[in-house]
Amino acid sequence: MQVQRVGPRTLLQVAEALEAIVCRCVGPHGGQVIFTKDTGEVSISRDGRRVLASLVLDHPVARALLGCLLAHCNTAGDGAKSFVLLLAALLRGTRAACRAQGKAGPHGRLAAQQVSRWLLSFQEEVLDGVMRDHIAPHTTALFSHTSPAESRARVRRLMEGFFCGRVNAAHSKFLAEIASDFCFRWTCKPDGADVLRLVPDRFPELHTAVTGLPIDRSHILQGLVIHRDFAVHCPTDRPLNALAISVPLQTSLPMEADGTLIITSSLQLCSFGSWVADNIERTVTSLKELQVKLLLSSVKQSDLVLYQAKRAGMSVVECVSQEELSLFCLLAGVSPFADLGFWEGVGGKHVAAVTFCQPVVLGAHRYVHVGFPERQGYLPHCLVLCGPVPGLTAQCVSAFGDAFRTLQRTSESQGRAFGRDAEEGLTDNLVRSETSARPGAVLPVGGAFEFLLHHYLWKHSFESSCPETKMSCRLVAEALLNVPRQLYLRHNGHGHFLKVRTNFISCLRHQEVVGSITDGPEALESLACKYQLLASVLQCAGRLLSVDTLIYTTALGLRDKSNRDDEDDET
């Protein structure tokens with residue numbers, strides 16, 4: 000069993016190795032990373048989470064760091080590259096602080112563990128108050144209750160800020176326009192908060208990926224695309240009633256207790272056949288009386304059922320996934336019918352009103368496209384996302400899913416708990432991040448959040464009489480600048496970063512409104528997501544710095560196999 004001591008130097012080496020990778024693709028002017036798989040497939044991406052998750056990481060610290068990063072991305076939807084930049088700068092500052100105090104070796108590890116305790120308490124003791132009292136007043140509300148046009152414009156700018164760091168610059172504005180348009184086509188209300196609670200969780204069912212077409216062929220469809228073809232299609236151009244079921248229409252034959260069916264004569268066989276046919280005909284007739292013209296089934300129906308449905312002019316879609324069936328019922332406001340053999344119980348609560356039902360060809364596949372009437376102020380839509388090759392299509396889909404997660408996080412009044420991750424030792428203890436900033440608070444992109452928080456943390460450090468608070472504030476404040484520094488370094492060099500920062504501080508001191516601080520479009524970023532990012536980094540750094548020993552173990556099965564291989568080599 001191998002034992003290895005871990006100190007600030009080891010943690011910093013791992014973080015800086017990852018920083019060297021992601022800093023090449025930071026911001027709208029960043030480059031892309033090319034990966035080659037064992038199969039020869041080439042993948043090109045500038046998505047930080049995709050880049051880091053594709054790496055083969057052997058070091059336990061690197062895997063633990065990646066676990067924390069993925070847990071954060073699952074919550075906020077974005078921020079993988081900024082996570083690494085912040086964490087590396089924070090660990091760099093921690094090691095420099097320990098060395099400045101003349102502490103190295105075992106004493107350095109003890110000092111780092113002390114810093115870890117300060118960082119774990121920093122959020123509650125310092126950060127929340129600074130965010131509430133100093134950062135929140137500089138923000139703008141994403142949704143305007145008096146101007147729907149202003150709300151649409153701000154959501155589009157927020158999406159531009161998101162996509163410019165995730166996809167090629169040639170497509171970022173187009174995708175941002177589709178994402179914002181998609182949200183507002185769902186609802187006529189001034190804000191889309193209710194929609195944003197549904198779309199991220201149901202995004203796999205609300206989009207269709209199409210490979211072989213340019214990205215600019217992506218579009219929005221009214222209604223829902225069910226990713227199955229018709230088993231029976233009876234065209235109609237009028238509104239119709241639909242029924243969602245999760246059981247077969249054909250009732251099972253009467254069997255013995257052990258599940259066997261005993262047939263003693265051809266007359267009995269004919270009798271059973273007639274009984275089944277009559278039962279199906281009665282069931283279809285009862286559905287016809289309810290004016291059901293579309294049957295959505297999560298199970299496969301028998302040929303006899305399809306025949307009777309065809310005679311009754313009823314379209315049938317079978318083998319629909321449970322997720323799509325439940326979404327259909329949710330959007331239509333009905334319940335699926337699952338009472339086998341009791342079709343007389345089908346009633347109004349099971350029958351959905353559908354405005355249209357027609358086939359739609361997307362790429363090389365034909366699907367079923369259904370529409371819904373407006374209900375409670377909402378009109379469902381779905382997305383068709385295109386890409387020339389499978390890898391680019393998958394990146395586009397992933398970016399949209401994360402964009403809606405970011406919108407959801409922005410519109411929430413408070414944070415959610417982190418989800419579990421494979422690295423349970425670190426991610427299980429990540430805290431619920433809450434901020435008193437109003438829902439939908441946004442800031443200009445380009446470092447506004449980092450410059451503001453850096454300024455007010457330094458101010459707080461001068462006002463505080465606690466040495467631990469002073470040190471924590473200065474560590475975090477200096478680490479924050481690493482994000483805009485890398486952003487501008489890749490564009491116009493270090494001098495441009497200093498110029499932007501100086502102008503920003505000048506405006507702040509003269510109490511001017513914080514506006515756009517970049518030369519490009521006035522994109523926005525979410526205060527809630529930036530706060531969640533910093534809270535995640537503080538928790539990750541605190542947990543990593545509290546570790547002082549790595550113990551390498553071998554699983555029992557692998558050890559036994561290794562011993563057998565050694566014995567075979569000796570013989």
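Using numbering that gives the first Met the number 0, you'd call the opening residue of the sequence shown number 0 and step up by one each time.
Heads up, the beta-carbon is just placed ideally off N, CA and C, and yes, glycines get one too.
- The residues F399, G400, F403, in chain order, have a CB closer than 8 Å to that of F202 in the same chain once the five nearest residues on each side in sequence are set aside.
- In the structure shown, the three-state DSSP call for R62 is helix.
- For L391, the closest alpha carbon among the candidates T9, I33, A16, V25 is that of I33.
- V369 places its beta carbon 8 Å or farther from that of V345.
- At least 8 Å separates the beta-carbon of F173 from that of V475.
- DSSP places L324 in the helix class (H, G or I) of the three-state scheme.
- Judged by DSSP secondary structure, E524 falls within the beta strand (DSSP E) whose first and last residues are 523-525.
- Sequence-distant partners of A276 (beyond 5 residues in either direction) whose C-beta falls short of 7 Å from its own C-beta, in its chain, are L303.
- One thing to note: A522 has its Cβ no nearer than 8 Å to the Cβ of G76.
- Beyond the five residues adjoining it in sequence on each side, V194 comes within less than 8 Å, by CB distance, of C182, W185, T186, Y377 in the same chain, given in chain order.
- When the five nearest sequence neighbours on each side are left out, the beta carbons in the same chain lying within less than 6 Å of the beta carbon of C22 are those of Q485, in order along the chain.
- Excluding five sequence positions before and after L406, the CB atoms of its chain that fall closer than 6 Å to its own CB belong to L195, given in chain order.
- With fewer than 16 other CB atoms across the displayed protein chains lying within 10 angstroms of its CB, F461 is exposed.
- Remark: three or more beta-carbon pairs, one from each stretch, lie closer than 8 Å, so the segment 380-388 and the segment 204-217 are flagged as touching.
- Residue range 355-361 is occupied by the beta strand (DSSP E) that includes P358.
- In terms of Cβ geometry, L10 and L544 form a close pair [threshold 8 Å].
- Residue range 380-386 is occupied by the beta strand (DSSP E) that includes G386.
- In this structure, the straight-line span from the alpha carbon of R8 to that of I177 is close to 46 Å.
- In the same chain as R155, and ignoring 5 residues on each side of it, the C-beta atoms closer than 7 Å to its own belong to A175, E176, S179, in chain order.
- The Cβ atoms of F229 and V315 lie closer than 8 Å to each other.
- By a beta-carbon distance limit of 8 Å, Q31 contacts I43. Their separation comes to about 5 Å.
- Straight-line measurement puts the Cα of A447 at about 11 Å from the Cα of N502.
- The straight-line gap separating the alpha-carbon atoms of A87 and V298 is approximately 52 Å.
- Listed as beta-bridge partners of T35 by DSSP are V41.
- Cα atoms of R153 and F142: separation of roughly 8 Å, rounded to the nearest angstrom.
- For F403, the three-state secondary structure derived from DSSP is helix.
- In terms of CA proximity to E18, R48 leads the group R48, T38, H28.
- Look at the beta carbons and you see the segment 78-97 touching the segment 529-548: at least three pairs across the two are nearer than 8 Å.
- Of the candidates Q112, N167, Q221, N167 places its Cα closest to the Cα of Q394.
- Sorting G211, G347, A16, L126 by C-alpha distance to the C-alpha of L532 places L126 at the top.
- T210 and V360 have their C-alpha atoms some 13 Å from each other.
- Along the length of the segment 181-255, whole alpha helix (DSSP H) runs at least 4 residues long occupy 192-205, reported in chain order.
- Residue pairing by DSSP puts T548 in a beta bridge opposite R4.
- For L305, the enclosing alpha helix (DSSP H) has its first and last residue at 302-310.
- For C233, same chain residues with a beta-carbon under 6 Å away, outside a window of 5 residues either side, are G312, S314 in chain order.
- Pairing S525 with V441 gives a Cβ-Cβ distance under 8 Å.
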